[in-house]
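**Q**
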Amino acid sequence: MEWVSRKINPSHYPVGLGSQEQEVMKLLDVGCDDGAHMIGIHGIGGVGKSTLAREVYNNLIADHFDGSCFIENVREKSNKHGLQYLQSILLSEILGEKDIKITSVQQGTSMIQRRLQRKKVLLILDDVDRKEQLEAAVGRADWFGPGSRVIITTRDEQLLASHDVQRTYQVKELNKNDALELLKCKAFKMHYFDPRYEELLNRAVTFSSGIPLALEVIGSVLYGKSIEEGKYVIHQIEKCPKNPVLAILKASFDSLEEKERSVFLDIACCFKGYELAELEDILEAHYGENMKCYIDLLVDKSLVKLIHGTKPCYSRVTLHDLIEDMGKDIARQESLVEPGERRRLWLLEDIRQVLENNRVSEVHE
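Heads up, the sequence shown is in numbering that gives the first Met the number 0, so the first residue is 0 and it goes up one at a time.
Below is the structure:
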């Protein structure tokens with residue numbers, strides 16, 4: 000099946016995850032209904048935790064469960080909207096009911112236990128970073144019916160241990176062959192591969208440490224470049240050995256033109272998760288020109304992604320949290336002390352401070 004998937008759609012199949020998906024499936028032991036179980040997937044940022052969880056979810060959803068729910072970006076959602084918001088998503092998705100109102104976390108935990116304790120459910124909490132998130136949504140395995148499976152992805156292995164998640168899997172970096180395959184997919188779009196690039200690609204693979212996000216981004220940066228241009232890019236990245244992923248992301252940002260950088264920072268700081276049509280309207284009102292080509296370019300550069308809905312107009316624009324963090328850090332560098340000196344504000348406390356003190360730089364008015 001993995002071979003067939005690669006041949007049908009080589010640029011979109013998650014290279015190197017086939018064997019890892021099998022390992023997670025063993026931990027899930029879906030055919031066993033002796034109780035509900037929690038499984039933790041952990042690893043460094045950009046290694047493919049969310050991709051692996053999504054593959055497992057897509058292969059399990061159809062036949063085995065009474066209800067299912069994949070909550071992505073738990074860290075971001077809980078910070079923006081609170082823990083009750085996570086609880087309402089969970090209940091709405093699994094029960095198929097809209098507008099479930101939850102007024103407190105305590106009410107939410109009680110409702111989850113009462114309404115789901117007899118249901119066999121599949122639940123994924125993606126990008127968890129605090130114990131309170133787990134306590135609010137999946138306090139104990141017996142909140143759910145026999146045969147239920149809860150998958151938690153996180154960078155923090157100790158967080159899983161603190162919540163007594165005993166079945167865990169650490170996502171592995173890609174081996175050299177898989178890393179080269181992914182890099183070639185991005186750099187050459189599976190067209191003819193010029194063997195003169197071999198040394199250049201091997202350097203990129205070594206520096207990327209087998210991290211898929213880094214390989215995707217650097218492949219996108221190398222796309223269309225001559226060997227000499229590619230060598231220059233790799234040389235610039237190799238100057239920052241302490242954090243290879245950040246160096247690669249920054250190189251991709253630096254390769255953008257000025258307006259492309261500005262659009263990227265707008266999305267990273269303010270518009271992650273927006274519907275594509277709405278985002279295009281907002282940006283066109285600001286820049287006074289069609290934004291489709293800019294967003295398409297950022298997608299080609301692997302800096303942003305489109306999550307497609309049932310119709311093209313329902314597509315949402317998102318980006319990896321490491322790329323989001325890089326964008327926000329670049330925006331923050333405009334003024335580390337005075338938020339009013341920055342072009343973009345996204346934290347409520349910064350916005351409140353600027354409005355209360357009327358401290359907006361004339362340059363950005």
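C-beta: ideal position from N, C-alpha, C; glycine also.
#1: Leaving aside the five residues before and after ASN289 along the sequence, list all residues of the same chain whose C-beta is less than 7 Å from its C-beta, in chain order.
#2: When the Cβ atoms of the segment 128-136 are set against those of the segment 97-115, are three or more pairs found closer than 8 Å?
#3: In chain order, what residues of the same chain have a beta carbon less than 8 Å from the beta carbon of LYS183, not counting five sequence neighbours either side?
#4: Let me know the alpha helix (DSSP H) ranges lying completely inside the segment 188-264, each 4 residues or longer, listed in chain order.
#5: Three or more C-beta pairs closer than 8 Å, one from the segment 137-149 and one from the segment 121-128: is that the case here?
#6: Pick out whichever of GLU348, LEU248 and SER254 has its Cα sitting closest to the Cα of HIS319.
#7: If we ignore side chains and look at the alpha-carbon of each, how far apart do ILE306 and GLU274 end up?
#8: From VAL353 to PRO338, what distance separates their C-alpha atoms?
#9: Answer yes or no: do GLN83 and ALA136 have a C-beta to C-beta separation smaller than 8 Å?
#10: Counting Cβ pairs closer than 8 Å, one from the segment 208-224 and one from the segment 169-188, do we hit at least three?
#11: Between LYS171 and GLN19, what straight-line distance do the alpha-carbon atoms span, to the nearest angstrom?
#12: Are the beta-carbon atoms belonging to LEU51 and LEU16 less than 8 Å from one another?
#13: Tell me which same chain residues have a C-beta within less than 7 Å of the C-beta of GLY379, skipping the five on either side of it?
#14: If you check the beta carbons only, do GLU259 and TYR231 fall under 8 Å apart?
#15: According to the neighbour-count rule (16 or more other Cβ atoms, all chains shown, within 10 Å of its Cβ), is HIS41 buried or exposed?
#16: How close, in whole Å, do the beta carbons of PHE270 and GLU237 come, if the pair is a contact with beta carbons under 8 Å?
#17: Using DSSP with H/G/I as helix, E/B as strand and the rest coil, what is LEU158?
**A** Quick answer:
#1: In chain order, GLU283 place their CB closer than 7 Å to the CB of ASN289, counting only its own chain and leaving out the 5 sequence neighbours on each side.
#2: Contact check between the segment 128-136 and the segment 97-115: three or more CB pairs, one atom from each, fall below 8 Å, which counts as touching.
#3: Sequence-distant partners of LYS183 (beyond 5 residues in either direction) whose C-beta falls short of 8 Å from its own C-beta, in its chain, are MET189, PHE192, LEU200 and GLY218.
#4: Listed in chain order, the complete alpha helix (DSSP H) runs (minimum 4 residues) inside the segment 188-264 are 197-207, 211-221, 226-237 and 243-253.
#5: At 8 Å Cβ cutoff, the stretches touch.
#6: Nearest option by C-alpha distance: LEU248.
#7: If you take the alpha carbons of ILE306 and GLU274, they lie about 9 Å apart.
#8: Looking at the two C-alpha atoms, the distance is approximately 7 Å.
#9: The answer is no: Cβ separation not under 8 Å.
#10: Yes, the segment 208-224 touches the segment 169-188.
#11: Rounded to the nearest angstrom, the two C-alpha atoms are 8 Å apart.
#12: Contact: yes.
#13: The structure shown does not extend to residue 379, since the chain spans only 0 to 364, so no value can be given for it.
#14: The answer is no: Cβ separation not under 8 Å.
#15: Residue environment analysis places HIS41 among the buried positions, since at least 16 neighbouring C-beta atoms fall within 10 angstroms of its C-beta.
#16: Wrong, their Cβ atoms sit about 33 Å apart, outside the cutoff.
#17: Reduced to three states, the DSSP call for LEU158 is helix.
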